[in-house]
Structure formats: structure tokens, C-alpha cells
Amino acid sequence: MLSVQQLHVNGRQDDLLPPTSLQAKRGELLLVSGDRQDRRTALALTLSGRMKPTDGLISWDGKARIKPLRLASAIVDSPGVNEPEQHLSVRDLVTEDLALIPRRYRGALLSKPWLKVNRFEDIADLWAEQLPPERRIELLTALALANPHTDLLVVDSPDRHGADVANWLPRLERLAYDGGRPLAVVATVTALPDNWTGPAAVIGNSVRHAGSARADAILPVEPNQTRLETEDVK
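Using the working numbering, read the sequence shown as starting at 1 and increasing by one per residue.
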């Protein structure tokens, strides 16, 4: 389980990530809304252990260290971070992403057989910018899960590719609820979809206002949870 309390990142002029608290369990899709792209990306980076917070508590399976979090997580389609470059073909994108997975986990897997096994042959020769939103999220999440150690998916702003939630929400729900490989899935979004009744949080939900303790926004700390270490992953 991912557990976060008062996660906060300073910016140059204001909070890049205002204090935010949330929990995400395996077998669950958590949607976190925020109107600013920079804050959504900062949250995605911090939840996946790619950015050091200024303050706050974060743990994965009770371990409050960066290394286990980074090893267990994958950040997907983050603008300006790891979104596919428009000039790349899908085939080249797959080749590049598979090369990042340690060989002991992927063997000698090449892009052509991977595309066939995962049923992406129909889009193999498209440019990244030509991908329909639904196929884009299917491809990028499949690549993230090519690493068998990925247990936490953090998807950055999938709704930016179109207003139709059917392009991304069903895919993320299927991944979260897959009994064969239960994942904790977190997606940052501009706004929650209409009629969404699943787990949800709001960026900045732990900001303390004058005269208000905001106790309802603070999650209980596990007994073995400590402040996140900010050592580099080795």
C-alpha cells in the first residue's frame, strides 16, 4: 500500500506541491485531481520516488525509503518527463523502453515479438503523435508493466489527451482490478469524471488554513512509518 501524509514540495514562488495526503491500495484505482499541470506532475514524480519532497511522510508497504518505492513504481506518460517524443515511431519507442528494463527480467526480448504478443502490431508503424488516446494509454501502461517488479502505476494526466474518459479510465480500472496481478494505480487528473464513486483525493487537501486544524485530511500514521529518507537510490 502507498501511504502519504502532508507531502509537500516547495517551488520558487509558491508551492509546487501543496501539502497532500492520500492512500492507494493494491487492487484499487485512486484518482487525484488538481487544476495545475505542474502540480499534477510534481505529485506523480514524488509518489513514484523520482522527486524528493520538501516535507511529508510517504511509505510503500510500510517502508519509508526512496529505493523500495522507486523499484516498485512506474510513472506513465508524464509531460516533459517521459511522455513519448512525437518524432518516435511506436516500434522505436518500444525498443527504447524495453532496453531500460534489466535484462534479467526481460531476457532477449525485442520490440517485434513484444508488439505481437501484446497485440500492438496494428500501431507499430505509427508515430507517437498519431496514437489514438485509448491505444496510447494501453501501450504505455503495457510497457511500464513489462518490468515484473512494477506494483505501483502512477499515470500523469491521462485526461489531457481528450475529454472522453472512456479513452483511459476503463484501462486503468482493468489494471487495478486484475486478480492475476493486483496493482496500486494512481492517476492525476484535471477533474474527477462524472459519476466517479471510487477512491479520490485532491491536491492540496492537507493545506492548513487559519483557524482550522484540517484533522479530517490527515491520514493515520502506521507504527513503523518514519519520515521519508532523501538519500539517492543506489
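Note that CB positions come from ideal geometry on N, CA and C, so glycine has one too.
Residue i (DSSP reduced to helix, strand or coil)
i: residue 74; result: strand
i: residue 191; result: coil
i: residue 59; result: strand
i: residue 85; result: coil
i: residue 92; result: helix
i: residue 118; result: coil
i: residue 111; result: helix
Member of the options whose CA lies at the smallest distance from the CA of residue i
i: residue 47; options: 94, 187, 169, 101; result: 187
i: residue 156; options: 85, 38, 12; result: 38
i: residue 73; options: 150, 80, 127; result: 150
i: residue 126; options: 164, 160, 95, 87; result: 87
Proximity of residue i and residue j at Cβ, strictly below 8 Å
i: residue 175; j: residue 193; result: no
i: residue 203; j: residue 20; result: yes
i: residue 129; j: residue 167; result: no
i: residue 4; j: residue 66; result: no
i: residue 181; j: residue 137; result: no
i: residue 64; j: residue 51; result: no
i: residue 207; j: residue 18; result: yes
Other residues of its chain near residue i: CB distance less than 7 Å, five sequence neighbours each side excluded
i: residue 101; result: 146, 147
i: residue 25; result: 1, 184
Neighbourhood of residue i by C-beta distance below 6 Å, restricted to the same chain and skipping five residues each side
i: residue 14; result: none
i: residue 91; result: 111, 124
i: residue 60; result: 2, 68, 69, 72
Contacting residues, own chain, Cβ-Cβ under 8 Å from residue i (five flanking each side not counted)
i: residue 142; result: 118, 120
i: residue 200; result: 30, 31, 32, 33, 192
i: residue 77; result: 83, 84, 136, 137, 140, 155, 156, 157, 158
Residue i: first and last residue of the uninterrupted alpha helix (DSSP H) it sits in
i: residue 139; result: 133-144
i: residue 32; result: It is not in any alpha helix (DSSP H) - residue 32 instead sits in the beta strand (DSSP E) that spans 28-33.
i: residue 125; result: Segment: none, residue 125 is in no alpha helix (DSSP H) and carries neither H nor E.
Start-to-end residues for the beta strand (DSSP E) that takes in residue i
i: residue 19; result: 15-24
i: residue 130; result: First-last for residue 130: undefined, no H or E at that position.
i: residue 156; result: 152-156
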